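*Asks:* To start, I am sharing the structure in question, which I have written as structure tokens.
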Amino acid sequence: MESFATPNPGPCIQGTHCCEHRSRMSEGKNLIGVDIGSSSIKVCQLKESRKGYGLVRLGYTPLPPQSIVDGHVMNAQAVIEGLGRAFSEAKIRQKEIALSISGQAVIIRKISVPMMTAAELDEQIQWEAEQHIPFDIKDVHVDYEVLRRRPEAGQMDLLLVAAKRDEINDYTQIARSAKLKPMVVDIDAFTVQNLFELSRGIPPDQTFAIINVGASLASINIISRGASAFTRDIANGGNYITEQIQRQLNVSFDQAEEFKCASVSADAGAVPAQVHQVIETVSDSIAGEIQRSLDFFMATSGEPEMHRIYLTGGTSNLPALAQAIGRRSRVAVEVLQPMERISVEAKEVSQELLRARVAQFSVALGLAMRKDRERRV
Ligand SMILES: Nc1ncnc2c1ncn2[C@@H]1O[C@H](COP(=O)(O)OP(=O)(O)OP(=O)(O)O)[C@@H](O)[C@H]1O
Ligand SMILES: [Mg+2]
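Residue numbers (this note's numbering): 472 to 848.
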């Protein structure tokens, strides 16, 4: 991957002139990172200084069940109210935000095109995208990043990103209704990659996966030769575990959720043994689905080895999941510590929230690294 002076902003999807905004150098003020997940809204504010990044605000608010289904907002009012609550409880006054979308509304492909200049590519990209994307090109917003130039073959490799305009508009409209100003719309998988790059850097000679397992989605991003080489969102996550506990123990969703989270706390002893069994079984089935994607990548990419798997997202709190993924893949699995290179810089940041929910903040933290004035250099 080309190296960036500051953390790589990655492809972004914006309403207009996205490619001009996409930058290799960020400047200006950090945006508020706003992650509208299916279980909850996460918001945070970072401050960048010579010492690095400092966390100055952090907010979390749960969403009622079914507010977001398959990435679609079903209950806009609940999300608008949730955003208002998250901002006021976290005492965030700044309105300019970075959002992200994920799931079926987004398609990411690695493609090769003939060598051309940036201006030619900007003109050609719609046509190129049309060859690779199963949606009507009029309905999607297209962006790209040049991964590699291969003049000897007369080709260049691109990461092509297409996101449904309807979905982008739904999310930005909701943010505006909550009196916020969306400046950047990113993709979940890339925000986590940016955060990872801040923490660890991207080793150019390794193939590794970053997997964000939330409530309803597991998003897989495989990074190889310094750049994202494969992404896939699987419609499976922590909700599936909760639903199986609910069904097999004949308890409410809320009770099942409580059992699940308590199973990894100091109160684990009070949790029925059956809960642990369900967590084991369902984690293994999620790991199986993840493994199918990893197998597909390894079979089609020609890469000889997967070096490591990094896990994040709320469901990474369950050690059974990392164990199941490790067992199936025979690759070392590490749970990411999102705050590894970020210090806490304000008393307004709730230590309790951070302790209990830090794994859920990777997307919001990655978004909060984005700036309001980003330019190409
Ligand atoms: N301590 C814990 N133990 C087990 N599971 C947990 C714990 N904390 C959170 N979770 C689970 O993590 C999930 C929420 O994670 P996250 O906030 O990353 O998802 P989301 O962004 O809301 O959803 P998605 O990205 O799938 O739309 C829920 O299924 C929740 O039960
Ligand atoms: Mg999420």
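We put the beta carbon where it would ideally sit given N, CA and C, even for glycine.
The model shown is predicted, which means the values in this text are computed figures rather than measured ones.
Buried or exposed for His612, please, with buried defined as at least 16 other CB atoms from any protein chain shown within 10 angstroms of its CB.
*Replies:* The residue you call residue 612 lines up with position 141 of the sequence shown. With 16 or more other Cβ atoms from the protein chains shown falling within 10 Å of its own Cβ, His612 counts as buried.
*Asks:* Got a sec? Which residues, its chain only, sit under 6 Å from Tyr524 by beta carbon, not counting five neighbours each side?
*Replies:* Mapped onto the sequence shown, residue 524 falls at position 53. The beta carbon of Tyr524 is closer than 6 Å to those of Leu517, Ile813 in its chain, skipping five residues each way along the sequence.
*Asks:* Considering only heavy atoms of ligand 2, list every residue whose Cβ is less than 5 Å from one of them, following chain order.
*Replies:* Any residue whose Cβ sits closer than 5 Å to a heavy atom of ligand 2 makes the list: Gly508, Gly685.
*Asks:* Looking at Leu529 and Ser511, is the spacing between their C-beta atoms short of 7 Å?
*Replies:* Within the sequence shown, the letter at position 40 stands for residue 511. Within the sequence shown, the letter at position 58 stands for residue 529. It is not a contact, given that the beta carbons lie outside the stated cut-off.
*Asks:* What I want to know is whether the C-beta of Ser571 ends up closer than 6 Å to one or more non-hydrogen atoms of ligand 1.
*Replies:* Numbered from its first residue, the sequence shown carries residue 571 at position 100. Checking every heavy atom of ligand 1 against the Cβ of Ser571, none is found closer than 6 Å.
*Asks:* If you measure between the beta carbons of Ile712 and Val684, is that distance less than 7 Å?
*Replies:* Here residue 712 refers to the residue found at position 241 of the sequence shown. Here residue 684 refers to the residue found at position 213 of the sequence shown. Not closer than 7 Å, so no.
*Asks:* What three-state label does DSSP hand Arg801 in the structure shown?
*Replies:* Position 330 of the sequence shown, counting from 1, holds the residue named residue 801. DSSP, read as helix, strand or coil, puts Arg801 in coil.
*Asks:* Check whether the Cβ atoms of Glu852 and Val577 lie closer than 7 Å to each other.
*Replies:* Outside the shown range of the chain (472 to 848) lies residue 852, about which nothing can therefore be said.
*Asks:* Count the other C-beta atoms from every protein chain shown that fall within 10 angstroms of the C-beta of Glu638, then say buried if there are 16 or more, exposed otherwise.
*Replies:* As a working mapping, residue 638 is identified with position 167 in the sequence shown. Looking at its Cβ environment, which holds 16 or more other Cβ atoms inside 10 Å, Glu638 is buried.
*Asks:* In the DSSP output, what is Phe679 paired with across the bridge?
*Replies:* As a working mapping, residue 679 is identified with position 208 in the sequence shown. Paired residue(s): Ile694, Arg779.
*Asks:* Look up Asp725 in the DSSP assignment and say whether it is helix, strand or coil.
*Replies:* Start at 1 with the first residue of the sequence shown, and residue 725 comes out as number 254. In the structure shown, Asp725 falls within a helical segment according to DSSP collapsed to helix, strand and coil.
*Asks:* Rounded to whole angstroms, what's the CA-CA distance from Gln597 to Ile608? Just pull it up for me.
*Replies:* One-based indexing of the sequence shown puts residue 597 at position 126. One-based indexing of the sequence shown puts residue 608 at position 137. Roughly 7 Å between the two C-alpha positions.
*Asks:* Going by alpha carbons, who is nearest to Val527 out of Lys818, Gly837, Ser699, Arg844?
*Replies:* Locating residue 527 in the sequence shown gives position 56, where the first residue counts as 1. It is Lys818 whose Cα lies nearest to the Cα of Val527.
*Asks:* Within its chain, find whatever has a CB closer than 6 Å to the CB of Met654; leave out the 5 residues flanking it on each side and keep chain order.
*Replies:* Along the sequence shown, one-based indexing puts residue 654 at 183. Contacts found: Leu502, Glu567, Asp843.
*Asks:* Between the alpha carbons of Gly709 and Ala689, how many angstroms are there, rounded?
*Replies:* Taking the sequence shown and counting its residues from 1, one reaches residue 709 at position 238. Taking the sequence shown and counting its residues from 1, one reaches residue 689 at position 218. Straight-line Cα distance between these residues: approximately 9 Å.
*Asks:* Output needed for Ala727: all residues of its chain with C-beta closer than 6 Å, excluding positions within five of it in sequence on either side, in chain order.
*Replies:* Looking up residue 727 in the sequence shown gives position 256. Here the set comprises Thr713, Ile716, Gln717.
*Asks:* One question on the structure: do Arg619 and His603 come within less than 7 Å of each other, judged by their Cβ atoms?
*Replies:* Within the sequence shown, the letter at position 148 stands for residue 619. Within the sequence shown, the letter at position 132 stands for residue 603. It is not a contact, given that the beta carbons lie outside the stated cut-off.
*Asks:* By alpha-carbon positions, which one of Ser699, Ala741, Phe767 ends up nearest to Tyr615?
*Replies:* Residue numbering aside, residue 615 sits at position 144 when the sequence shown is read from its first letter. Check the Cα spacing between Tyr615 and each of Ser699, Ala741, Phe767: the tightest is with Ser699.
*Asks:* When you measure from the CB of Thr786 to every non-hydrogen atom of ligand 1, does any distance come out below 6 Å?
*Replies:* Numbered from its first residue, the sequence shown carries residue 786 at position 315. Yes.
*Asks:* Regarding Cys732 and ligand 4, is the C-beta to nearest heavy atom distance less than 6 Å?
*Replies:* Looking for ligand 4 in the displayed structure turns up nothing; the ligands present are ligand 1 and ligand 2.
*Asks:* Look at the Cβ atom of Ile750, then the Cβ atom of Ala791, and state whether they are nearer than 7 Å.
*Replies:* Residue numbering aside, residue 750 sits at position 279 when the sequence shown is read from its first letter. Residue numbering aside, residue 791 sits at position 320 when the sequence shown is read from its first letter. Contact flag set, yes.
*Asks:* Leaving out the 5 sequence neighbours to the left and right, which residues in its chain are closer than 6 Å to Asp506 when beta-carbon positions are compared?
*Replies:* Taking the first residue of the sequence shown as position 1, residue 506 is located at position 35. Here the set comprises Lys513, Val834, Ala835.
*Asks:* Cα-Cα, which of Val742, Ala634, Gly672 is closest to Glu811?
*Replies:* For the purposes of this step, residue 811 is identified with residue 340 of the sequence shown, where counting begins at 1. Ranking the options by Cα distance to Glu811, first place goes to Gly672.
*Asks:* Could you tell me whether the Cβ atoms of Asp657 and Ser571 are closer together than 7 Å?
*Replies:* For the purposes of this step, residue 657 is taken as residue 186 along the sequence shown, with counting starting at 1. For the purposes of this step, residue 571 is taken as residue 100 along the sequence shown, with counting starting at 1. Contact flag set, yes.
*Asks:* Can you tell which of Phe730, Gln626, Ser573, Tyr781 has its C-alpha closest to the C-alpha of Ala634?
*Replies:* As a first step, residue 634 is located in the sequence shown; it is residue number 163 there, counting from the start. Ranking the options by Cα distance to Ala634, first place goes to Ser573.
*Asks:* Got a sec? Which residues, its chain only, sit under 6 Å from Met777 by beta carbon, not counting five neighbours each side?
*Replies:* Here residue 777 is taken as the residue at index 306 of the sequence shown, counted from 1. Taken in chain order, the residues that qualify are Thr678, Val802.
*Asks:* Which term fits Ala839, buried or exposed, when burial requires 16 or more other beta carbons within 10 angstroms of its beta carbon?
*Replies:* Walking along the sequence shown from the start, residue 839 turns up at place 368. Under this definition Ala839 is a buried residue.
*Asks:* Under a three-way DSSP split, which group does Thr532 fall into?
*Replies:* As a first step, residue 532 must be located in the sequence shown, where it is residue number 61. Reduced to three states, the DSSP call for Thr532 is strand.
*Asks:* Where does Met654 fall in DSSP's three states?
*Replies:* As a first step, residue 654 is located in the sequence shown; it is residue number 183 there, counting from the start. Residue state, collapsed to three classes: strand.
*Asks:* Any heavy atom of ligand 1 inside 6 Å of the beta-carbon of Gln516?
*Replies:* Translated into the one-based positions of the sequence shown, residue 516 becomes position 45. No, since every heavy atom of ligand 1 falls outside the 6 Å radius drawn around the Cβ of Gln516.
*Asks:* Inspect the beta-carbon positions of Ile694 and Arg703 and report whether they are closer than 7 Å.
*Replies:* On the sequence shown, position 223 is the one that residue 694 refers to. On the sequence shown, position 232 is the one that residue 703 refers to. Cβ atoms of Ile694 and Arg703: not closer than 7 Å.
*Asks:* Give the secondary structure of Gly504 by DSSP, where H, G and I count as helix, E and B as strand, and everything else as coil.
*Replies:* What you label residue 504 is simply residue 33 of the sequence shown in a count that begins at 1. Note: Gly504 maps to strand in three-state DSSP.
*Asks:* Tell me where the alpha helix (DSSP H) around Val753 begins and ends.
*Replies:* Residue numbering aside, residue 753 sits at position 282 when the sequence shown is read from its first letter. 744-772 is the span of the alpha helix (DSSP H), which, as asked, contains Val753.
*Asks:* Does Gln664 pass the burial test, meaning 16 or more other C-beta atoms within 10 Å, or should it be called exposed?
*Replies:* Residue mapping note: residue 664 aligns to position 193 of the sequence shown, counting from 1. Gln664 is buried by the Cβ-count criterion.
*Asks:* With 16 as the cutoff for other CB atoms within 10 Å, does Val588 come out buried or exposed?
*Replies:* Position 117 of the sequence shown, counting from 1, holds the residue named residue 588. As written in the sequence, residue 588 is Thr, which differs from the Val given in the question. Thr588 is exposed by the Cβ-count criterion.
*Asks:* Which word fits Gly553, buried or exposed, when buried means at least 16 other C-beta atoms lie within 10 angstroms of its C-beta?
*Replies:* Your numbering for residue 553 matches position 82 in the sequence shown. Around the Cβ of Gly553, a 10 Å sphere holds 16 or more other Cβ atoms; the residue is buried.
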